[in-house]
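**Student:**
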Amino acid sequence: MRDFVILGSSIITPPPNSHPPPSSSSSSSSTPQYRHPIIKPYKPSSLPKLNPLSPLNNSSTLLQTPLKLKEFDTLEIDSEVNAEKLANAVLVGIKDKNVRRVIESLNKVEGLGGVSLSAHLDAFVVANECRQLVTSGHIEEAVELMEVLSRFRLSIAELVQPNDIIKRCVLSHKPTLAARYASLLPQAHTSICRIISEFGKKRDLVSALKAYDASKKNLKSPNNMYVYRAIVDACGLCGDFMKSRYIYEDLLNQKITPNIYVFNSLMNVNAHDFSYSINLLQKMQKLGLKPDMTSYNILLKACCVAGRVDLAQDMYKELKHLESVGQLKLDVFTYSTIIKVFADAKLWQMALKIKRDMLSAGVSLNTVAWSSLINACAHAGLVDQAIQLFEEMLLAGCEPNTQCFNTILNACVEGYQYDRAFRFFHSWKGNKMSASFDESNNNNSEQGDMHNVTTVPTGTTSSHILSFTERFPFAPTTSTYNILLKACGTNYYHAKAVINEMRTVGLSPNQISWTILVDICGRSENVDGAVEILRTMIDAGIKPDVVAYTSAIKVCVESKNFPQALTLYEEMKSYGTLPNLATYNTLLRARSNYGSLHEVQQCLAIYQDMRKAGYKPNDYYLEELIEEWCEGVIQDSGEYECEFSYSNKPEIERPKSLLLETIAAHLLKRVAGILAIDIQGLTKVEARLVILGVLRMIKENYAFGYSVNDDILIIIGATKADESPSEDILEVQEAIIKLLWNELGLEALPAKTRFAPNDTPKLQNPKRSNLTLKALPADNALPTTTGFHTRRPAVLQRLKVTKNSLHRWLQRKA
DNA sequence: TCCTGAGGTC
1 MRDFVILGSS IITPPPNSHP PPSSSSSSSS TPQYRHPIIK PYKPSSLPKL NPLSPLNNSS
61 TLLQTPLKLK EFDTLEIDSE VNAEKLANAV LVGIKDKNVR RVIESLNKVE GLGGVSLSAH
121 LDAFVVANEC RQLVTSGHIE EAVELMEVLS RFRLSIAELV QPNDIIKRCV LSHKPTLAAR
181 YASLLPQAHT SICRIISEFG KKRDLVSALK AYDASKKNLK SPNNMYVYRA IVDACGLCGD
241 FMKSRYIYED LLNQKITPNI YVFNSLMNVN AHDFSYSINL LQKMQKLGLK PDMTSYNILL
301 KACCVAGRVD LAQDMYKELK HLESVGQLKL DVFTYSTIIK VFADAKLWQM ALKIKRDMLS
361 AGVSLNTVAW SSLINACAHA GLVDQAIQLF EEMLLAGCEP NTQCFNTILN ACVEGYQYDR
421 AFRFFHSWKG NKMSASFDES NNNNSEQGDM HNVTTVPTGT TSSHILSFTE RFPFAPTTST
481 YNILLKACGT NYYHAKAVIN EMRTVGLSPN QISWTILVDI CGRSENVDGA VEILRTMIDA
541 GIKPDVVAYT SAIKVCVESK NFPQALTLYE EMKSYGTLPN LATYNTLLRA RSNYGSLHEV
601 QQCLAIYQDM RKAGYKPNDY YLEELIEEWC EGVIQDSGEY ECEFSYSNKP EIERPKSLLL
661 ETIAAHLLKR VAGILAIDIQ GLTKVEARLV ILGVLRMIKE NYAFGYSVND DILIIIGATK
721 ADESPSEDIL EVQEAIIKLL WNELGLEALP AKTRFAPNDT PKLQNPKRSN LTLKALPADN
781 ALPTTTGFHT RRPAVLQRLK VTKNSLHRWL QRKA
């Protein structure tokens, strides 16, 4: 069974012969460089009164009486001499640091005859002045001056150190200014791409988009594929894949056909969404574009991200087949990606098989491929195997980089060989660590005997691979230290010391570092410590993300401190950090640790949050919760009254419980005087919860003197007249009948009714992720006649709980 | 393209 059919030979095309253009992100080498090394720093005293390059010599009068700026206003530009006067005035104005006035004046006289200043002003001298403006922080004025001068046909933008201006604009978050300046350069597109990707690297998508928008306004040919690709890549860097989709839609709406590189970038940015990526591939094929090896590699990566080993394997086989018939050539990216697929799935033997495939295909392993292979063993806990591969890699002449070293360290950690990790680290560091580190360590006496915390004084280095690695540079990164933090096991003080050492070498702990520290706190049930680490993070300017909060919540839950877990849950939401499935699972798992009804209700509220956030219902947890709460109806313990404060009007004043309230508002209604419970679209466990909740309310109301005068209808689902009920409906129906008859002793009879289309209540969208128990306005709570799209009559699967059996049930004592 | 942090029931 293969659901990956997209690689059918009909859509596979030979790889394009041409090489891709340089990607926008790596195009800085072709950015216009400042190419005039002979310009000296501008000194006013050396400024000629008159441009020496000017073809005009007869200008002694100008020398004596330079044109004042205010004379611009009345200047008539009708001759070469006046153009020259203008040029001289510009020079004087700039020299007097009166740039604003120069710009205003030039704007006024603009258009009086298409004057060109290029013959009268020395571009280098003016550029030098601009340069001074930039250096003194007046970039805005400098750019404006360059813009206005370019309208007088004097182009100096390229002479004012483009790299520096762009860098300054990026640093001071001035994307529009940067784009305006870039538009003046001869290779404007390249510079715009660089600006966009610089902002992308700074995770500043707002600025990247501003530069992108400005480029559309300022560029002569705004529809440039390099620019599109740059902004799509920036969306990816900033984690905003939705924005990349909007940009793509915009292009299509404007009838602009993206090229293969834009499509590949789009697929890459959306690689976490396999079906979207596949749709992009199909769209590009419809537009007549041939996917290249990169396109397929990105799709393979999408399989990898989705953890779909099956799809990845199918795709790999298909690609291999196409290679065997000469349609394409798998590259080292393809192999590295499929190795990672297997590494993630802990299928290390499969990963090693890919290595053999590579060798027989004549593709050499690069550092990335080797690292992925080593990681495959690391994930399987095979430390020795990992180290053996590392040695093999060195013997093959492939030089390890820091990530590769990290992978070896991580292999030790995953194999619980913590000391070995520290020994490797220390020996590599000992060989390559800079002197400044030793000095700073010695100067920092506060570190005490913890200053060299990563050193394991006893024991020898664990492998002869150390002699190999002496030749290679090892520059520890934050990731390196994070792996070492894990190697601290449960030793919180050791971990703190590792963080200190990290700072000493000029690295900062990131979210991952702090999260590991939270986890270490958790292992000694140190709730206060975990919460304190969150505070430390915030103080250090790092916003705890969902993983950090979830880890801290986990510590609370495992230490049976549910109130603190809830506090953190509320706090993360108030900071705008959205809980995810892991957060909800962690919180709901707490249920098995507690018993109070109040806490159970809090858990039910979390369950509802989870529903609202669009996560699949988790019946396993919900079942546990129901046992604690709604099942009280079955046991009829009589203790639950104290949990709710009723007023004298129970039908108006709902119980405090959020869940009961929403059940009442959404699911209870009267159809022709008959009480009905609508459980369409709910799972069987949810349906059970709702029915028990409603019955519980009825029982409460009965205690206040409100009786039941009618049968209760339970609406399970709708089926088209000529079809059998769906399996979902039958399953829910069976569970409900069992509950009513066997557990509650109620009489539940089928109440099947044929409806004409217009009488058919609205069919609930069976898409459960959209379902919510949220209270709806009263008039929406009733079934509507809209939204049923078939003309055939429908049958409502309903159960009727008889009035008499309800009475008997209400009167029954515990 | 490769390394590091949370959840995973039955």
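So in my numbering, spot 39 of the first sequence is number 39, and the numbers just go up one at a time. Beta carbons are placed, not taken as given, at the ideal position from N, Cα and C, and that holds for glycine.
#1: Grab the span of the alpha helix (DSSP H) containing Leu682 for me, first residue to last.
#2: State whether the region 544-557 contacts the region 573-580, with contact taken as three or more CB pairs (one from each stretch) at a distance under 8 Å.
#3: What does the Cβ neighbour count give for Asn51, buried or exposed, with the cut at 16 atoms within 10 Å?
#4: Nearest CA to the CA of His138: which residue from Val99, Leu121, Val795, Phe124?
#5: So Arg194 is in the alpha helix (DSSP H); what residue range does that whole segment cover?
#6: Got a sec? Which residues, its chain only, sit under 8 Å from Asp779 by beta carbon, not counting five neighbours each side?
#7: Report the residue from Lys243, Ser364, Tyr335, Ser371 whose alpha carbon sits nearest the alpha carbon of Ile354.
#8: The alpha helix (DSSP H) that contains Gln132, what's its start and end?
#9: Within this structure, are the beta carbons of Val815 and Asp96 separated by less than 8 Å?
#10: I need the DSSP call for Lys329, collapsed to helix, strand or coil.
#11: For Gln797, which beta-bridge partners are listed by DSSP?
#12: For Thr683, is the classification buried or exposed, using 16 other Cβ atoms within 10 angstroms of its Cβ as the cut-off for buried?
#13: Please report the straight-line C-alpha distance between Ala613 and Ala718, rounded to a whole angstrom.
#14: Hey, would you say Ile716 sits closer than 8 Å to Leu799, going by beta carbons?
#15: Can you tell which of Thr294, Gly307, Ala361, Ala748 has its C-alpha closest to the C-alpha of Leu347?
#16: Within the continuous beta strand (DSSP E) that includes Leu859, where are the two ends?
#17: For Asn561, which residues in the same chain have their Cβ closer than 7 Å to its Cβ, ignoring the five residues on either side in sequence?
#18: Less than 8 Å between the C-beta atoms of Met293 and Val262, yes or no?
#19: Quick check on the burial criterion: 16 or more other C-beta atoms within 10 angstroms. Buried or exposed for Trp741?
#20: Based on the DSSP secondary-structure assignment, which residues constitute the bridge partners of Pro750?
#21: Please classify Asp314 as buried or exposed, where buried requires at least 16 other C-beta atoms within 10 Å of its C-beta.
#22: Would you mind sorting Val206 into buried or exposed? The rule is 16 or more other CB atoms within 10 Å of its CB.
#23: Where does Arg812 sit, in a helix, a strand or coil, going by DSSP?
#24: Rounded to a whole number of angstroms, what is the C-alpha to C-alpha distance between Gly239 and Val332?
#25: Kindly indicate which residue of Ala89, Thr407, Leu91 has the alpha-carbon position closest to the one of Gln388.
#26: When you compare the CB positions of Val125 and Met146, do they come within less than 8 Å of one another, or not?
#27: When we look at the beta-carbon of Met242 and count the other beta-carbons within 10 Å, is it buried (16 or more) or exposed?
#28: According to DSSP, is Cys398 part of a helix, a strand, or is it coil?
#29: Which whole runs of the alpha helix (DSSP H) in the region 238-288 are 4 residues long or more, in chain order?
#30: So which of Val341, Asn270, Tyr276, Met284 has the shortest CA-CA distance to Leu252?
#31: I'd like the list of long-range same chain contacts for Ala142, defined as Cβ closer than 6 Å, with 5 residues on each side in sequence excluded.
#32: Just the C-alpha distance for Tyr316 and Pro258, rounded to the nearest angstrom, thanks.
#33: Please look up how many angstroms separate the CB atoms of Ala376 and Ile339, rounded, as I've assumed it's under 8 Å.
#34: Just to confirm before moving on: does the CB-CB distance between Glu558 and Glu532 stay below 8 Å?
**Tutor:** With the given structure in hand:
#1: That residue, Leu682, is in no alpha helix (DSSP H); it is neither H nor E in DSSP.
#2: yes
#3: Its pLDDT being 40, under 50, Asn51 is placed unreliably by the model, and the measurement read from it follows with that caveat. With 16 or more other Cβ atoms within 10 Å, it is buried.
#4: Val99
#5: 188-201
#6: In this predicted model, Asp779 has a pLDDT of only 32, less than 50, meaning its place in the structure is not dependable enough to derive any value.
#7: Tyr335
#8: 123-135
#9: In this structure the chain extends from 1 to 814, so residue 815 is not present and cannot be described.
#10: coil
#11: Gly717
#12: buried
#13: 26 Å
#14: yes
#15: Gly307
#16: The chain is shown from 1 up to 814; residue 859 falls before or after that span and cannot be answered.
#17: Val527
#18: no
#19: exposed
#20: Leu799
#21: buried
#22: exposed
#23: coil
#24: 26 Å
#25: Thr407
#26: no
#27: exposed
#28: coil
#29: 241-253, 260-269, 274-286
#30: Met284
#31: Cys130, Leu133, Val134
#32: 27 Å
#33: 6 Å
#34: no
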